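Using my numbering, read the sequence shown as starting at 322 and increasing by one per residue.
Structure record follows, encoded as structure tokens.
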Amino acid sequence: MTLFVAILLAMTGLTGVLSPAGGFSATAATLGEYAQRLSFTIAGIQPVVATATSPNLLTVSGRFSNTGPDPIDDLNYRFQRGDRLTSVAAVNAEVADPIQPVTVINPTFRPLPGRVAAKQSAGFTVSVPITGSHADSLGITAPGVYPVMVNVNGTVHAPGGDARARVGEVHLLVTVTAVPGSTLPGSTQPAPGDSGAASGPTPAPVGILWPLVDVPHLGLNGVFRDDSLAAEIKPGGRLAAAVTELIDAAANPNLVTLVVDPMLLDELDRMSHGYWVVAHPGTPQPALQPTPPPTSTKPSPTTKPSTSAQTSVPTSAPTSQPASEATASGALPSSQPSSPPSSPPSNAASNIASPTAGMTDMTPSVGGALPESTAVTAGAPAGATADTNATAAPNGTTESANSGGPNQGSSNGNTAEPTGEQPPGNESPGPPEPIQPAGPQPAGTVAGTGQEAAAAFLDQLRGLAETHHVLVLPYGDPDVVALVRAGMSDVVATAVFRGRAVASRVLGQGLDTPTAPSNLVTDVADPPGGVLTDQAWQVLRSLGYRSAILDPTAVHAAGSPGPTGSSSKVSSGFVTVSVDGDQVPAVLTSGGHAPELARVLDGGAPADWADAVNTLAAVMMVESSAAAGPMVVAPPRGFAPHGAGFATLSALLDDLSGVGMVVPSPVTALARDVVPHGIDAAGPPLHVTSPTPVTLDYGAKARAAELPASYLERLIELRQRLDVLGVTLGAASGGPDPADILAPLSDAMLGAASASWRGTTDPDEVVLQSVDATVDGLYAGVKIARDTGSYTLASSTAPLLLTVHNTLPYQVTMTVRVLGGEQAGLTTQDPGRIVIGAGPRSAPVRIHATVSRSGTFTVYAQLQGADGSRWGGAVPLKIDSRAYGALTVVLMAVAGGVLLLMVIWRLVQRWRGRAEDGPDRPITADGAHSAHGADGADGADDTDDTGGACRAPETEDTSPAPRAANSVIGDPLDADTAGDTDMSGLRSGGALP
322 MTLFVAILLA MTGLTGVLSP AGGFSATAAT LGEYAQRLSF TIAGIQPVVA
372 TATSPNLLTV SGRFSNTGPD PIDDLNYRFQ RGDRLTSVAA VNAEVADPIQ
422 PVTVINPTFR PLPGRVAAKQ SAGFTVSVPI TGSHADSLGI TAPGVYPVMV
472 NVNGTVHAPG GDARARVGEV HLLVTVTAVP GSTLPGSTQP APGDSGAASG
522 PTPAPVGILW PLVDVPHLGL NGVFRDDSLA AEIKPGGRLA AAVTELIDAA
572 ANPNLVTLVV DPMLLDELDR MSHGYWVVAH PGTPQPALQP TPPPTSTKPS
622 PTTKPSTSAQ TSVPTSAPTS QPASEATASG ALPSSQPSSP PSSPPSNAAS
672 NIASPTAGMT DMTPSVGGAL PESTAVTAGA PAGATADTNA TAAPNGTTES
722 ANSGGPNQGS SNGNTAEPTG EQPPGNESPG PPEPIQPAGP QPAGTVAGTG
772 QEAAAAFLDQ LRGLAETHHV LVLPYGDPDV VALVRAGMSD VVATAVFRGR
822 AVASRVLGQG LDTPTAPSNL VTDVADPPGG VLTDQAWQVL RSLGYRSAIL
872 DPTAVHAAGS PGPTGSSSKV SSGFVTVSVD GDQVPAVLTS GGHAPELARV
922 LDGGAPADWA DAVNTLAAVM MVESSAAAGP MVVAPPRGFA PHGAGFATLS
972 ALLDDLSGVG MVVPSPVTAL ARDVVPHGID AAGPPLHVTS PTPVTLDYGA
1022 KARAAELPAS YLERLIELRQ RLDVLGVTLG AASGGPDPAD ILAPLSDAML
1072 GAASASWRGT TDPDEVVLQS VDATVDGLYA GVKIARDTGS YTLASSTAPL
1122 LLTVHNTLPY QVTMTVRVLG GEQAGLTTQD PGRIVIGAGP RSAPVRIHAT
1172 VSRSGTFTVY AQLQGADGSR WGGAVPLKID SRAYGALTVV LMAVAGGVLL
1222 LMVIWRLVQR WRGRAEDGPD RPITADGAHS AHGADGADGA DDTDDTGGAC
1272 RAPETEDTSP APRAANSVIG DPLDADTAGD TDMSGLRSGG ALP
């Protein structure tokens, strides 16, 4: 309550209201030595606003404390009233420095029971007639704002003797819009034009946003990361108080607009059917494992949706033919869609009247545009294919949500039997055992304790949704600006469409459209922090948003010098935002009143909220019509209302609305540039004709509040890996659907993008560790065998034979590439897509290769998903090539030809040399040839053409002719003559050696 009061006070321009202690001054301008001994805290002032039909009795209640050292008793009081205040300045002055009102003074002191010791306190209640001829009334005869004082006297038992004195004062303002009981003697109504009349001002639109938002609680596959949400929705919890206080206040439905995160609705819906919780909160869940398909609880599909059917955005209440929901597991292959059941299971026939019956979420793929139709269970872990009245149990199995079985709790009153033995009758039973959910219990989990509380909470929330406007946030309340900047606009789209579908299903209403009005509003943006960028708005605009609720810091006046100029800011009101030529209607919240709002957000709200409401009523009563403008109260997402304070505030606004001072207005209508008439007024809504033109201003402070860029990079990498899995894995005939394991992973990605993780050091780390482990396990399930990593190629064209192992229970579509072959002279052909059935199974892959050189080298085989993305690490392949390429053959042929020519040349030279050596060539005495030939020519050295020694001289010596010392032996080019002996001496009768 104090939150609303302080914000509204800020918007009215009230200044100087708070005392130095942070509360409203209840005692001032006191007289005498003991005048400040009692301090007062106001708990209630009734009526807050006096009307013609209100009781003719002003009642003030609260507590007083004895701040002195002496006891006080014999207390009594009387009322005193001053003249009517006719301006905001006069009201502010009275609040800051109360006067001693003497226009009307009750002649009689009336007793105030009780004795208060030193430093003790006691409660009090005092009252006085507002009007009438009696001397002890306030004597008010005309509408207006009047200063009133409660003068309290008592006996102070001081050490020097008892003293009778004034010991305290209570100052307040009485706001009268019409004199109670106008027929009372002496009462009059104001004449037209009277400054105190309430008929002059233009009604100011007033609206309050009522957030029902919390941090994500879901982990993987429907298992909750902790059970803290159960405490929030049970009596005493923050969310429980937000709903019950709103119901109890019975406020004008137009005054309050609910702001609901569909992820919270989804979590509550799951809880209402029983749920599992991590046994040790703060620890990651084990990686999800592929599971076989259910055999008894999942109806057999009889039809298969067309792969060309497009998923549409829900725009109206679901019909008997449920729309299909696309999984959030990345783009699944269109050839492998899940099929919707033809009819609900027979044991759910009695639950057709359930608000969630026959409704299906329309959830697009995280990977981008809405994928082709895939029907999944509504309210169960996304991606589980089942009947629309079924809830998914952990590990992807499904059970009937409202079958009435012993383990099924629901809003229709069916609850599960508690597990364990009942205590003996002679023992006091302990707290009730948690209700066991249906289906197998995942490892490391316990049953949640909030099933019945969730069902009751949803019943209350559905009732409020029937009477109040509900602003539907995107699923998980994502950090829109940060995601768009990181290139994750498709995640925003997924959250938007998923949120609309979940809200429609859980709350049991269609979405608001021009042709089918509804309380579920999905075309008004309420971004985190109330700030947007041009790019973020363009994305939201493409998703169907038409107007926005913005913080004053998010805009500056169009044409102003810049966002830093003091004159550029727009404090509040209706605005038109210019974004890339688009004119966007919007309404600003009260956040522009920085000092007052900062104190509220820091916990410095006034303690005497009743006194604050009293002052607020006076300010609103006297303010001029020129100041009338929209007052939008926008608490932070996680606010907790003060029940009694909100009831008083709503009563005040109802009274002011009754006399035409304010008009309760749904904030969603104000954002659309529409001001409705009062709840009982006739005629069309009023359209604002002159909104202030502004442009968006996204400052450094807003940028610093976003999710960290490094964290978003991690989400991008995970999302890309999920997309690869989505197009690579398919359901084999009779096998499990990979959506059962991929959809919970994608759901976790939506929760990880929530703006509620802003300011945390490790956003959603526990769940992301489980997602990483699950994805790593799926990738490891398909790999190339490493036992055949060495190959010998005997020719230039030969195949490489690989083996791909699939241990997953899914059909996989892969390709294989050989990397690093270009440098080694190896080229390969693309083997095309390889389809491997559900494992465990292996498939041989033949890759045709061409090698251009011999030698030993290493290349790498890389698996790729169906979209060409890398799958796991590359596997090294050792290649031993014995093939000769064309260049090698040419070189060898050239070398052989050169060798042959050299041999021929040598032979020719030898035979030529032998021909030149005649039989009569003279020999010198020392065995050498003569210097001249037989013909007497000048002698050249007549040596062997191969460089060997000269022939032996022709003599009659019968001894063997010695070989020259420098003869060449074993010359490969002269092998035919090696070791020969000159036989010329035989012609002279020489003997054979």
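Virtual Cβ for every residue (Gly too), placed ideally from N, Cα, C.
Fair warning: this is a prediction, and the values are worked out from it, not measured in the lab.
query, result
"Would you call the region 534 to 546 and the region 1067 to 1078 in contact, with 3 or more CB pairs under 8 Å?", "yes"
"With Ser448 as the anchor, note down where its alpha helix (DSSP H) starts and where it stops.", "Where Ser448 is concerned, there is no enclosing alpha helix (DSSP H), although the beta strand (DSSP E) it sits in stretches over 442 to 449."
"Using 10 angstroms around the beta-carbon of Gly730, count the other beta-carbons present and answer buried if the total reaches 16, otherwise exposed.", "Reliability fails at Gly730, whose pLDDT of 36 lies under 50, so the model's placement of it is uncertain and no value is given."
"Less than 8 Å between the CB atoms is what I'm expecting for Pro526 and Val900, so what's the real figure, rounded?", "About 24 Å; that fails the 8 Å criterion."
"Between the alpha carbons of Asn573 and Lys555, how many angstroms are there, rounded?", "25 Å"
"Do you know how far the Cα of Ser1175 is from the Cα of Met1223?", "29 Å"
"To the nearest angstrom, report how far apart Gln610 and Pro1057 are at their CA atoms.", "12 Å"
"Taking 8 Å as the threshold, find out whether the region 766 to 780 comes into contact with the region 967 to 976 through three or more Cβ pairs.", "no"
"In chain order, what residues of the same chain lie with their CB nearer than 8 Å to the CB of Ala1037, ignoring the 5 residues before and after it?", "According to the sequence provided, residue 1037 is Ile. The question's Ala does not apply to it. Contacts found: Ala807, Gly808, Met809."
"Closest to Ala561 by CA distance: which of His455, Pro795, Val534 is it?", "Val534"
"For Phe361, which beta-bridge partners are listed by DSSP?", "Phe385"
"If you count every other CB in all the chains shown that lies within 10 Å of the CB of Arg821, and 16 or more means buried, which is it?", "buried"
"Check Met809 in the structure and name its three-state DSSP category.", "coil"
"The alpha helix (DSSP H) spanning Leu589 covers which residue range?", "583 to 592"
"So who's on the other strand from Gln1132, going by DSSP bridges?", "Gly1051"
"So, are the CB atoms of Leu853 and Ala814 less than 7 Å apart?", "no"
"To which residues of the same chain is Trp1192 closer than 6 Å at the C-beta, ignoring the five residues directly before and after it?", "Leu1184, Gln1185, Gly1186"
"Taking only three categories from DSSP, how would you classify Val1172?", "strand"
"State buried or exposed for Asp418, treating a residue as buried only when at least 16 other CB atoms are found within 10 Å of its CB.", "exposed"
"Return the residue from the list Ala600, Leu782, Arg1040 that minimises the CA-CA distance to Thr766.", "Ala600"
"Measuring alpha carbon to alpha carbon, tell me which residue in Asp394, Asn387, Arg436, Val381 is nearest Pro450.", "Val381"
"Write down every uninterrupted run of the beta strand (DSSP E) in the region 543 to 584 whose length is 3 residues or greater and which is fully enclosed by it, in chain order.", "577 to 581"
"Counting only runs of 4+ residues fully inside the region 1010 to 1038, write out the alpha helix (DSSP H) ranges in chain order.", "1021 to 1025"
"Please report the distance separating the alpha-carbon of Asn840 from that of Asn472.", "51 Å"
"May I ask you to report which of helix, strand or coil DSSP gives Ser899?", "strand"
"Look up Thr323 in the DSSP assignment and say whether it is helix, strand or coil.", "Low confidence applies here, because Thr323 scores a pLDDT of 48, under 50, leaving its location unreliable and the question unanswered by this model."
"Could you tell me whether any Cβ in chain D is nearer than 7 Å to the Cβ of Ile363?", "Of the protein chains in this structure there is only one, and it is not chain D."
"Let's test the definition: count the other Cβ atoms within 10 Å of the Cβ of Arg1024 and tell me whether it reaches 16, buried, or not, exposed.", "exposed"
"Would you mind sorting Phe361 into buried or exposed? The rule is 16 or more other CB atoms within 10 Å of its CB.", "buried"
"Does the pairing of the region 862 to 879 with the region 1008 to 1022 give three or more beta-carbon distances under 8 Å?", "yes"
"Are Leu1046 and Leu1099 closer than 7 Å when you measure CB to CB?", "yes"
"Could you tell me the distance, in whole angstroms, from the CA atom of Gly482 to the CA atom of Val491?", "26 Å"
"Which residues bound the beta strand (DSSP E) around Leu1121?", "1118 to 1127"
"Would you call the CB atoms of Val1180 and Gly1141 closer than 7 Å?", "yes"
"Does the Cβ of Phe400 lie closer than 6 Å to at least one heavy atom of the ligand NAP?", "In terms of ligand content, the structure shown is empty, and the ligand NAP therefore cannot be addressed."
"Taking a contact to mean a Cβ-Cβ separation below 7 Å, would you say Thr498 touches Val1088 in this structure?", "no"
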